[in-house]
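A quick write-up on the structure given underneath.
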Amino acid sequence: MTLRTLYRRLCTGLALCLAMAAGLPLAACSAGDKADGKVTAAAPPLAAADIALIDRLTWGVNAAEIARFRAMGRQQWIDQQLRPDAPLAMPAPLQAQFDAMPIASAPMGAVVAATEANRLAGIRGRNTAEGKALYAKSQQAQRGYQQQTMARSILRDLYSPDQLREQMTWFWFNHFNVRLAQQPLGALVRDYEELTIRPRALGHFCDLVDATLRHPAMLVYLGNTASKVGKINENYARELMELHTMGVGSGYTQADVQTLARVLTGAGADFSHWPPGPPPPGGVRDGTFVFDPALHDTGGKTLLGHRIKVKGYGEISEATGLLCRQPATARRISEKIARYLVADAPPPALVDRMTATFTETDGDITAVLRTMIASPEFVGSLGTLYKDPQHYLLSAIRLAFDGRTIAQPLAVASMLATLNQPLFGRVTPDGYPLDAAEWSGSGQLSDRFALAAALGGRGAVRLFAASNDRATILATPFEPVDLKSALAGTGIHATLSPETAAALAAARNTAEWNALFLASPEFMRR
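In the working numbering, the protein residues as written are 17 to 542.
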């Protein structure tokens with residue numbers, strides 16, 4: 017029986033799943049754990065609302081997270097996820113794996129300087145064997161950095177106990193998007209995500225703006241490295257106002273964009289050598305970031321009706337502080353967080369309260385999240401938000417293989433690409449859409465059904481094989497996980513509708529049960 021046929025049995029056709037994605041109601045959940053009748057007396061099943069809360073604030077609920085939640089209690093668990101200055105440690109074996117990665121051992125500047133030197137030499141000598149070899153070496157290094165960066169990010173998302181921080185790291189990377197595949201961003205993104213975004217994911221919004229502005233990944237991606245007095249590039253200034261802070265229609269003008277572009281002149285990157293030399297006279301150098309006063313427009317500037325008072329590099333901090341503290345920025349960022357964690361169209365009253373918190377705390381992200389999580393609107397939304405591809409895939413892996421560490425994280429990256437959401441792969445600076453309409457079409461659902469069948473059966477072997485080699489994968493022993501038994505006593509069974517429970521009861525074997533569960537309407541939501 018095909019997965020499509022199975023899924024028709026599960027939700028009476030594709031139309032039901034599409035209706036679910038659009039926010040239409042499904043049948044009410046069953047009152048008890050009826051799928052298999054197993055309840056662990058020593059550990060009562062968690063309430064459906066608590067399971068939905070875990071699922072919303074992590075990359076996916078699983079038995080281990082349920083156990084942590086039980087041990088800590090609801091509020092302590094939430095408080096632990098909201099610790100901005102005390103990130104939780106990764107499991108020791110995974111941290112050792114991260115530490116052994118080449119991207120962790122060499123400074124970004126040294127890596128990029130070597131890669132760029134080979135690339136440029138290869139371009140100059142493109143007609144010689146030596147030039148071709150150098151160019152190939154640079155491309156191989158670039159791919160290696162890309163793959164390590166993706167592997168580290170996926171493993172963090174799957175196994176870090178700091179789940180809300182990891183979710184917000186993805187959110188902010190998507191908000192301040194750069195593309196991994198652009199040269200030399202393959203080497204730059206490793207630090208952009210790990211050292212610029214992640215440590216500030218629960219901090220203050222203005223710190224994120226300042227940190228991304230100083231990172232060469234952003235300056236290269238949006239062309240500011242070529243912007244100088246007399247030859248101004250407006251790309252970054254426009255996106256800084258349109259995408260990163262105030263938003264379209266918030267009151268800024270084309271003249272404001274041009275003024276901000278002038279403020280940003282001279283802010284760039286230097287990959288020519290490592291270690292870095294002294295800063296330019298009167299300028300700033302921080303690793304590969306450089307502010308060169310000789311390239312900066314020193315003329316008078318008025319931004320958003322505010323006269324920029326300081327000169328040189330200080331103009332940038334003054335301008336970003338002005339943008340971050342605009343009422344339009346407070347509302348836009350609060351609304352976007354609510355779209356990510358509450359609803360495609362979040363209730364205006366909730367956005368009002370989050371905006372007030374943003375303003376009162378000078379953009380404290382943790383405080384804004386606390387306001388959101390404590391709200392009745394957030395509680396009422398649990399279990400209704402449609403999963404984008406990354407949430408769907410990672411939640412399936414976290415649930416199905418709880419307690420087992422995958423050996424091939426790049427296989428997960430490949431699956432994400434299949435779902436049209438490649439990791440760090442959004443070409444345009446707007447980031448991936450957050451709304452269900454983008455991810456609920458019939459083609460996307462068909463791809464999810466295929467992945468549900470693969471992850472529920474032997475197809476999951478590619479995650480655990482010693483290598484990605486086809487022969488190795490085929491030769492690797494693998495038995496499908498028994499999700500039905502694994503979920504017994506967690507309370508997850510009780511969250512299923514009668515239709516889903518009936519379809520699961522008719523499954524002929526373990527792999528079929530797994531596929532049906534991972535393709536169910538309930539599992540598509542968080």
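Even glycine gets a Cβ: it sits at the ideal position worked out from N, Cα and C.
- Item | Span separating the alpha-carbon of LEU211 from that of LEU224 | On the sequence shown, position 195 is the one that residue 211 refers to. On the sequence shown, position 208 is the one that residue 224 refers to. Those two C-alpha atoms are separated by around 11 Å.
- Item | Burial state of HIS407, where buried means 16 or more other Cβ atoms lie within 10 Å | Within the sequence shown, residue 407 is the residue found at index 391, counting from 1. By the neighbour-count rule (16 or more Cβ atoms within 10 Å), HIS407 is buried.
- Item | Alpha-carbon to alpha-carbon, ALA452 and SER397 | Counting from one through the sequence shown, the residue named residue 397 turns up at place 381. Counting from one through the sequence shown, the residue named residue 452 turns up at place 436. The straight-line gap from Cα to Cα measures roughly 14 Å.
- Query: Given that a residue counts as buried once 16 or more other Cβ atoms are within 10 Å of its Cβ, and exposed if not, what is ASN143?
  - Reply: Translated into the one-based positions of the sequence shown, residue 143 becomes position 127. ASN143 is exposed by the Cβ-count criterion.
- Query: What residues in its chain sit with their C-beta under 6 Å from that of THR526, if we drop five residues either side in the sequence?
  - Reply: Mapped onto the sequence shown, residue 526 falls at position 510. Answer for THR526: PRO496, ASP498, listed in chain order.
- Task: In angstroms with no decimal places, state the Cα-to-Cα distance between PRO215 and HIS509.
- Result: Sequence index remark: in the sequence shown, residue 215 carries index 199 (1-based). Sequence index remark: in the sequence shown, residue 509 carries index 493 (1-based). When rounded, the distance between both Cα atoms is 36 Å.
- Query: For PHE287, which of helix, strand or coil comes out of DSSP?
  - Reply: One-based indexing of the sequence shown puts residue 287 at position 271. Three-state result, PHE287: coil.
- Query: By a C-beta neighbour count over all protein chains shown, 10 Å radius and 16 as the cutoff for buried, is GLU538 buried or exposed?
  - Reply: For the purposes of this step, residue 538 is taken as residue 522 along the sequence shown, with counting starting at 1. So GLU538 ends up on the buried side.
- Message: Please return the same chain residues whose Cβ sits closer than 7 Å to the Cβ of TRP93, not counting the five positions on each side in sequence.
- Response: Working through the sequence shown from its first residue, we reach residue 93 at position 77. Cβ neighbours of TRP93 beyond the five flanking positions: ARG84, PHE85.
- Close-in-space but distant-in-sequence residues of the same chain around PRO438 (CB under 6 Å, 5 per side omitted): As a working mapping, residue 438 is identified with position 422 in the sequence shown. Same-chain partners within the cutoff: LEU432.
- Using the C-alpha atoms, what's the distance from LEU319 back to ALA346? One-based indexing of the sequence shown puts residue 346 at position 330. One-based indexing of the sequence shown puts residue 319 at position 303. Cα to Cα, ALA346 sits roughly 18 Å from LEU319.
- Query: Which term fits LEU490, buried or exposed, when burial requires 16 or more other beta carbons within 10 angstroms of its beta carbon?
  - Reply: Position 474 of the sequence shown, counted from the first residue, corresponds to residue 490. Classification of LEU490: exposed, given that the 10 Å Cβ count is below 16.
- Query: Which one of ILE413, ASP463, ALA412 has the shortest CA to CA distance from ASN436?
  - Reply: Here residue 436 corresponds to residue number 420 of the sequence shown, with the count starting at 1. Here the closest residue by C-alpha is ASP463.
- Message: Quick check: ALA344 and GLY419, are their CB atoms within less than 9 Å of each other?
- Response: As a working mapping, residue 344 is identified with position 328 in the sequence shown. As a working mapping, residue 419 is identified with position 403 in the sequence shown. No, the Cβ-Cβ distance between ALA344 and GLY419 is not below 9 Å.
- Item | VAL273, buried or exposed, once every other Cβ within 10 Å from all chains shown has been counted against 16 | Here residue 273 is taken as the residue at index 257 of the sequence shown, counted from 1. Buried is the call here.
- How would you write the range of the beta strand (DSSP E) that PHE192 sits in, first residue to last? Residue mapping note: residue 192 aligns to position 176 of the sequence shown, counting from 1. Neither: PHE192 is in no beta strand (DSSP E) and is coded neither H nor E.
- Can you tell me whether GLN424 is buried or exposed, with buried defined as 16 or more other CB within 10 angstroms of its CB? The residue labelled residue 424 in the question sits at position 408 within the sequence shown. Under this definition GLN424 is a buried residue.
- Item | Coil, strand or helix - ASP302 by DSSP | Reading the sequence shown from its first residue, position 286 is the one you call residue 302. Strand.
- Message: Once the 5 residues before and after PHE114 are set aside, which same chain residues still bring their CB inside 8 Å of it?
- Response: In the sequence shown, counting from the first residue as 1, residue 114 sits at position 98. Taken in chain order, the residues that qualify are MET106, ALA120, ARG168, LEU171.
- If you drop the 5 nearest sequence neighbours on each side, which residues of the same chain put their C-beta closer than 6 Å to that of PHE374? The residue given as residue 374 occupies position 358 in the sequence shown. Cβ neighbours of PHE374 beyond the five flanking positions: ALA346, SER350, VAL384.
- Item | Residue closest to VAL128, alpha-carbon to alpha-carbon, out of GLY202, ALA137, PHE189 | As a first step, residue 128 must be located in the sequence shown, where it is residue number 112. When each option's Cα is compared against that of VAL128, the closest is GLY202.
- For GLY219, which residues of its own chain have a beta-carbon under 7 Å away from its beta-carbon, when the five flanking residues on both sides are left out? Your numbering for residue 219 matches position 203 in the sequence shown. Counting only Cβ-Cβ distances below 7 Å, and skipping sequence neighbours, we find PRO100, ILE381.
- Query: Could you give the distance in angstroms between the alpha-carbon of ALA152 and the alpha-carbon of ILE413?
  - Reply: One-based indexing of the sequence shown puts residue 152 at position 136. One-based indexing of the sequence shown puts residue 413 at position 397. Taking the straight line joining both Cα atoms gives about 35 Å.
- List in chain order: all unbroken alpha helix (DSSP H) runs of 4+ residues lying wholly within the stretch 400-459. 405-416, 425-434
- As assigned by DSSP and simplified to three states, the class of THR492: If you number the sequence shown from 1, residue 492 lands on position 476. In this structure, THR492 counts as coil in the three-state DSSP scheme.
- Inter-residue Cα distance where the pair is ALA133 and LYS247: For the purposes of this step, residue 133 is identified with residue 117 of the sequence shown, where counting begins at 1. For the purposes of this step, residue 247 is identified with residue 231 of the sequence shown, where counting begins at 1. Rounded to the nearest angstrom, the two C-alpha atoms are 26 Å apart.
- Query: Between ASN240 and PRO445, what straight-line distance do the alpha-carbon atoms span, to the nearest angstrom?
  - Reply: Position 224 of the sequence shown, counting from 1, holds the residue named residue 240. Position 429 of the sequence shown, counting from 1, holds the residue named residue 445. Going by the C-alpha atoms only, they are around 14 Å apart.
- So VAL306 and ALA285 are in contact, right, with Cβ under 8 Å, and what is the actual spacing, rounded? Walking along the sequence shown from the start, residue 306 turns up at place 290. Walking along the sequence shown from the start, residue 285 turns up at place 269. Yes, VAL306 and ALA285 are in contact; Cβ-Cβ is about 6 Å, under 8 Å.
- Item | Cut-off 7 Å between Cβ atoms - residues of its own chain near ALA335, not counting five sequence neighbours on either side | Taking the sequence shown and counting its residues from 1, the one referred to as residue 335 is at position 319. The residues are LEU276, VAL279, LEU319, ILE324.
- Query: Can you tell which of ARG348, ILE70, ARG206 has its C-alpha closest to the C-alpha of GLY265?
  - Reply: Here the question's residue 265 lines up with position 249 in the sequence shown. Looking at the Cα atoms, ARG348 is the closest of the given residues.
- Query: Alpha carbon to alpha carbon, how far is ASP178 from GLY299?
  - Reply: By one-based count along the sequence shown, residue 178 stands at place 162. By one-based count along the sequence shown, residue 299 stands at place 283. Each residue's alpha carbon lies about 38 Å from the other.
- Query: Which term fits THR165, buried or exposed, when burial requires 16 or more other beta carbons within 10 angstroms of its beta carbon?
  - Reply: Taking the sequence shown and counting its residues from 1, the one referred to as residue 165 is at position 149. Answer is buried; the Cβ neighbour count reaches 16.
- Could you check where the alpha helix (DSSP H) with MET117 kicks off and where it finishes? Working through the sequence shown from its first residue, we reach residue 117 at position 101. Premise fails: MET117 is in no alpha helix (DSSP H) and is neither H nor E.
- Query: Is VAL205 closer than 9 Å to GLN162 when the C-beta atoms are compared?
  - Reply: As a first step, residue 162 must be located in the sequence shown, where it is residue number 146. As a first step, residue 205 must be located in the sequence shown, where it is residue number 189. A contact, by the Cβ cut-off of 9 Å.
- Item | the stretch 501-508 in contact with the stretch 59-70 per 3-pair CB rule at 8 Å | yes
- Query: Can you tell me the Cα-Cα spacing of PHE394 and LEU180, whole angstroms?
  - Reply: Position 378 of the sequence shown, counted from the start, is the residue given in the question as residue 394. Position 164 of the sequence shown, counted from the start, is the residue given in the question as residue 180. Each residue's alpha carbon lies about 15 Å from the other.
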